Structure formats: structure tokens, C-alpha cells
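With the working numbering applied, the sequence shown covers 64 to 242.
Note that the Cβ used here is the ideal one computed from N, Cα and C, for glycine as well.
All values reported here derive from a predicted model rather than from experimental measurement.
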Amino acid sequence: AGLSRAFAITNLSIMTNPLGMEITRNPSTGSILMTQCKLSQTLLEDIAMHVCNLITLPLDPNIKLAKTPPEELHTVVPESEFPYMKVVGTNLHLVNCTRPDLAQAVGLLCRFKSAPGPSHVAAAKGVLRYLKGTTHLLVESPSHVLVAEIIVLFLKGKRPTHDRECKCTVFSISSVVHE
């Protein structure tokens, strides 16, 4: 109410698609469900990986990625062959908004964006294979936490973990698909 006195505000009803997130409410619990299925699917289609083998982990736990040495810079995969920056950037957006399960893998891939070699591209494709099999994952927030508060925290670079009263966890990964 205070903002409407100071600024001209138009109520566009309940927010459903801010920052590429699809937001719905679970009618039975009143909780807020946030996903980015469309962004994930678009990325997979753009990279021509919408039909690929699925894997169960975003990154092989035994993988050892290293900076491409100067004598092997000729092996760097050009952006025209595989859009590494687009893949890493889009996945970074997913991590920041709705997919914390990708954080470790995407954080590792971010380290090699200046000169991604074949091993880096293979790791990025692995993340995409995992993403293909997990596009149904979503973030669920209890009904008493406002979506606007969550988005403001994301924009400020903070990851909320508890509500104001610190009585329950705000974010949890759920494999429940809501249509």
C-alpha cells in the first residue's frame, strides 16, 4: 500500500513468469512452485541435445578438469562448434534461480570458459544430459513466503534458506511434477 502512494503501480495480477521462471501455486498446500522447464528445454534444443542419453549425476565424481595448457591451445573448442559460454551461462542462471543441484558442476565449468578444451565440453555435455533427465525438478516454497521476497533475494545474490521466523526451510528440491 505504501508503494502505491509514492509510485504509479498497476496490478497485473499474480506473477507467473518473472525472469524466465514459471511460478504456480499448489492449491492443496498453498505453497509456491518455481521451475524453469522452458529455459532448460530451449537450451537443450538450441544445442541439439534435446534427444540424448540421460545420466543420473550432473558431473562424474572422478572427473579431473584442468586449464588448457598453452601448448594445447589449438585444441580449444571454438564457440561456433559448441557454444560453451551459452551453456555455462544459462546453467548458471538456472543454478541461481531454481536449480541448486547444478551448482557444483556449473561452478567447476565456469573456471574454464576462457579456453574450453574437449574435456570441458564433454563435462558440459554431461551436465546437459543430466538436465535433460531432470527438467521436472522444481523449487517449492511454503505459502507464507512471498515470491517477490524470494526474487529480490536472488537479484541481490543471496540464497534464502529460512523464512523470517527461521522455523522451516524455504527451499527444497522436489521431484513432484505439477501440471
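Can you tell me the Cα-Cα spacing of residue i and residue j, whole angstroms?
i    : j    : result
A187 : S204 : 29 Å
P133 : A178 : 10 Å
K101 : C173 : 23 Å
E142 : G180 : 11 Å
P163 : L200 : 10 Å
K130 : H183 : 9 Å
A69  : G93  : 31 Å
P90  : F145 : 42 Å
Anyone know if the C-beta pair for residue i and residue j falls short of 8 Å?
i    : j    : result
L82  : C160 : yes
A185 : P121 : no
L165 : V190 : yes
L117 : K176 : no
V32  : I110 : Since the first and last residues shown for the chain are 64 and 242, residue 32 lies out of range.
Q99  : M84  : yes
Could you check if residue i is buried or exposed, using at least 16 other CB atoms within 10 Å of its CB as the buried criterion?
i    : result
G220 : Reliability fails at G220, whose pLDDT of 49 lies under 50, so the model's placement of it is uncertain and no value is given.
S67  : exposed
I72  : exposed
V114 : exposed
M97  : buried
Considering only the alpha carbon of each residue, which of the options lies closest to residue i?
i    : options              : result
T119 : L200, R192, L201     : R192
N154 : T197, N125, L136     : T197
K127 : N80, L171, F145, L96 : L171
I77  : T87, A69, H156       : T87
### Message
Which complete alpha helix (DSSP H) runs does the stretch 119 to 197 hold, if anything under 4 residues is left out?
### Response
147 to 160, 166 to 173, 181 to 196
#### Entry: Those runs of the alpha helix (DSSP H) which lie wholly inside the stretch 88 to 118 and span at least 4 residues
100 to 109
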